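In the working numbering, the protein residues as written are 81 to 270.
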């Protein structure tokens, strides 16, 4: 068992040390937090904490485990990094029709948009490594995070994301995929 706190860089480095020499075919960065904050209630602390967990943590984990991903890509042809993001990280989806969701996520939305940009930058900067980098929107999932108002069961979201990941190739690197057919198509706008 490897204990890892994605917001603690020393914990990330220690986990990578324990995994030294172990190929990683698939890395799913799923750690995330959401604080319901509107224009008046959003605080600097809320912004910083959500950026730390939702964008910086996945970057640190991916960077630390890059040697493991490279080992897998050399052995098996490709490796994959799937970042679990959110529709709320899509600037293109931030419309008047979606204002109800975006207006309660002043810090969360930009933290997920930052994760999307980190993922896209990794896909461009490391394109020749044969590591596929994608961002996934799990959908509006029925969880504690939304007071169980979601339209997807967790198992449905997981199955949809697993199907997306199972069918990826290098031509898909850098894309933002949607696991929830209720909100848009398979490809989401940045």
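Backbone N, C-alpha and C fix where the C-beta goes; we use that ideal spot for every residue, glycine too. On a predicted model such as this, the values are computed, not experimentally measured, just so you know.
Asked                                                                                                                                                                              : Found
Are there 16 or more other CB atoms within 10 angstroms of the CB of residue 215, so buried, or fewer, so exposed?                                                                 : buried
Just to confirm before moving on: does the CB-CB distance between residue 151 and residue 142 stay below 9 Å?                                                                      : no
Hey, out of 260, 162, 158, 256, whose CA is closest to residue 222's CA?                                                                                                           : 260
Determine the contact status of residue 181 and residue 195, defining contact as a CB-CB distance below 9 Å.                                                                       : no
Which same chain residues end up closer than 7 Å to residue 254 when comparing Cβ atoms and leaving out the 5 residues on each side of it in sequence?                             : 200, 203, 204, 213
State the Cα-Cα distance for the pair residue 250 and residue 120, rounded to the nearest angstrom.                                                                                : 43 Å
Among 244, 160, 184, which has the Cα closest to the Cα of residue 123?                                                                                                            : 184
Rounding to the nearest angstrom, what Cα-Cα distance links residue 135 and residue 217 in this structure?                                                                         : 14 Å
Would residue 233 be called buried (16 or more neighbouring beta carbons within 10 Å of its own) or exposed?                                                                       : exposed
Helix or strand or just coil, what does DSSP make of residue 227?                                                                                                                  : coil
Count the other C-beta atoms from every protein chain shown that fall within 10 angstroms of the C-beta of residue 90, then say buried if there are 16 or more, exposed otherwise. : exposed
With a threshold of 9 Å between beta-carbons, can residue 191 be considered close to chain D, or not?                                                                              : In summary, chain D is missing from the structure at hand, where a single protein chain is found.
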